[in-house]
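The next block holds one structure in the form of structure tokens; read it before the comments.
There are 2 protein chains.
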Amino acid sequence: MKYSKATNYALHTMVYLIALPKGNTIGVHSLAEMQDLSPTYLSKILTKLAKGGLIESTPGVRGGYKVSKAKDSISFLDVIKTVEGESNLFNCSMDHHEGCMIENVMIEAEQNMKDDLAAKFLIEITNKMDEQSINNIKGKAN
Amino acid sequence: MKYSKATNYALHTMVYLIALPKGNTIGVHSLAEMQDLSPTYLSKILTKLAKGGLIESTPGVRGGYKVSKAKDSISFLDVIKTVEGESNLFNCSMDHHEGCMIENVMIEAEQNMKDDLAAKFLIEITNKMDEQSINNIKGKAN
DNA sequence: ATATTAAAGACTTATATTATCTGTAATTGA
DNA sequence: TCAATTACAGATAATATAAGTCTTTAATAT
Ligand code: SF4
Ligand code: SF4
Numbered sequence: 773m774k775y776s777k778a779t780n781y782a783l784h785t786m787v788y789l790i791a792l793p794k795g796n797t798i799g800v801h802s803l804a805e806m807q808d809l810s811p812t813y814l815s816k817i818l819t820k821l822a823k824g825g826l827i828e829s830t831p832g833v834r835g836g837y838k839v840s841k842a843k844d845s846i847s848f849l850d851v852i853k854t855v856e857g858e859s860n861l862f863n864c865s866m867d868h869h870e871g872c873m874i875e876n877v878m879i880e881a882e883q884n885m886k887d888d889l890a891a892k893f894l895i896e897i898t899n900k901m902d903e904q905s906i907n908n909i910k911g912k913a914n
Numbered sequence: 773m774k775y776s777k778a779t780n781y782a783l784h785t786m787v788y789l790i791a792l793p794k795g796n797t798i799g800v801h802s803l804a805e806m807q808d809l810s811p812t813y814l815s816k817i818l819t820k821l822a823k824g825g826l827i828e829s830t831p832g833v834r835g836g837y838k839v840s841k842a843k844d845s846i847s848f849l850d851v852i853k854t855v856e857g858e859s860n861l862f863n864c865s866m867d868h869h870e871g872c873m874i875e876n877v878m879i880e881a882e883q884n885m886k887d888d889l890a891a892k893f894l895i896e897i898t899n900k901m902d903e904q905s906i907n908n909i910k911g912k913a914n
């Protein structure tokens, strides 16, 4: 059981987007280049984040992506939920779920993780980025 | 990201083994039948649990499996760790991990889940099984 | 108009999970 | 000793999911 690479890419991308000056956008090409991955693949992930309401996009010349919420309000959980989906880590395929105690235990444990992830904000990561990286990103903004 | 079916099978199997009278063993055939799955596949999972020290096996006629620790000491985490392995949910493939703050956040969140799973014991599930199920298992002991 | 950008869908490839098949070794009991 | 029973190991196959590519379309600014 592992988080997908897509989650990794999404988290890093969000950190970059948060580092952008307010209102600026950056294209998927630059974002992919910084993470050394294919733009088309990252594009899918960005579309997911956009549909999830975390970022917004503008097509066309000088278009790109920017965050669509207050930068200090975006939690790790927000990103992970959007990319990985909402379903539970443990899901039994049987159909007599009512009152299942095994599921209850698993769901409760998972909730502890989620609570923690909901209280951790990406801006904390961005705030600790070094000056050079920040300037690098700003330089790539549209 | 999901827990594997193997984890589900392992948890149920452990509940059954804990329900057995102390010292009794039960074969993989019966355990698989109760969960409606292939004995050979379950066998692999049981071997893993045995190597992990949670259960012990005796081959040969009237052999089978039994728990190898105090029944009230076996936690959900014990089982999950044995089946799913020890690696972290989030693992970045880059090689500059030192002091990575993203990883720190993820690992800490995961630890909250693990702490909870380590405090939940399978015997609680067994204790709440109905009489009929318990007797069914006892009847299949060797 | 044209260049640039995101979005969408079909498709392929890679990887992990799930499952089966076959054979071997250990143990019991007749 | 012999036969039945059981766990164990390894190869293989089947399936599901994730990861990544390719191509086309649509929107936008200059
Ligand atoms: S008891 Fe719960 S986990 Fe077990 S088979 Fe039923 S629903 Fe699934
Ligand atoms: S900062 Fe952390 S998560 Fe990001 S690439 Fe480096 S090691 Fe991986």
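First to last, the sequence lines map onto chains A and B.
Here our numbering is used: the first residue of the first sequence is 773, the next is one more, and so on.
Here our numbering is used: the first residue of the second sequence is 773, the next is one more, and so on.
C-beta: ideal position from N, C-alpha, C; glycine also.
Small disclaimer: the values here were computed from a predicted structure and weren't measured.
Distance between beta carbons of residue j and residue i, contact taken as under 8 Å
i	j	result
I906/B	V787/B	Rounded, the Cβ-Cβ distance is 11 Å, inconsistent with contact.
T797/A	G832/A	Rounded, the Cβ-Cβ distance is 11 Å, inconsistent with contact.
E882/B	L861/B	5 Å
I846/B	V839/B	7 Å
M773/A	S815/B	Actually they are not in contact, since the Cβ atoms of M773/A and S815/B sit about 22 Å apart, beyond 8 Å.
K900/B	M873/A	6 Å
M885/A	M866/B	No, M885/A and M866/B are not in contact; Cβ-Cβ is about 23 Å, not under 8 Å.
I852/A	L889/A	6 Å
Y892/A	F848/A	The sequence given here has Lys at residue 892/A, not Tyr. Yes, they are in contact, since the Cβ atoms of K892/A and F848/A sit about 5 Å apart, within 8 Å.
I817/B	A791/B	At roughly 18 Å, the Cβ-Cβ gap does not stay under 8 Å, so I817/B and A791/B are not in contact.
H869/B	E875/B	6 Å
P793/B	A913/B	7 Å
L894/B	Y837/B	Actually they are not in contact, since the Cβ atoms of L894/B and Y837/B sit about 14 Å apart, beyond 8 Å.
Near ligand 2: residue i beta-carbon under 6 Å from a heavy atom
i	result
M806/A	no
Any residue with its C-beta under 6 Å from a non-hydrogen atom of ligand 1 counts. Can you list them all in chain order? Matched residues: C864/A, M866/A, H868/A, H869/A, C872/A, I874/A, E875/A and H784/B.
Between the segment 814-835 of chain B and chain A, which residues of the former have a C-beta closer than 7 Å to a C-beta of the latter? Here the close residues number zero.
Does the segment 819-829 of chain B come into contact with the segment 780-795 of chain B, if we say contact requires no fewer than three beta-carbon pairs (one atom in each stretch) closer than 8 Å? Three or more Cβ pairs drawn from the segment 819-829 of chain B and the segment 780-795 of chain B lie within less than 8 Å of each other, which places the two stretches in contact.
Taking a Cβ distance cut-off of 8 Å, strictly less, list which residues of the segment 863-878 of chain A are near chain B, in chain order. From the segment 863-878 of chain A, only N863, C864, S865, M873, I874, V877 and M878 have a Cβ closer than 8 Å to chain B.
Between the segment 886-909 of chain A and chain B, which residues of the former have CB atoms less than 7 Å from a CB of the latter, in chain order? The segment 886-909 of chain A vs chain B, Cβ under 7 Å: D888, L889, K892, I897 and K900.
Positions along the segment 773-792 of chain A whose CB lies within less than 9 Å of some CB in chain B: From the segment 773-792 of chain A, only M773, K774, Y775, S776, K777, T779, N780, L783, H784 and V787 have a Cβ closer than 9 Å to chain B.
Residues of the segment 840-862 of chain B whose Cβ lies closer than 7 Å to any Cβ of chain A, in chain order: Result list: F848, E856, L861 and F862.
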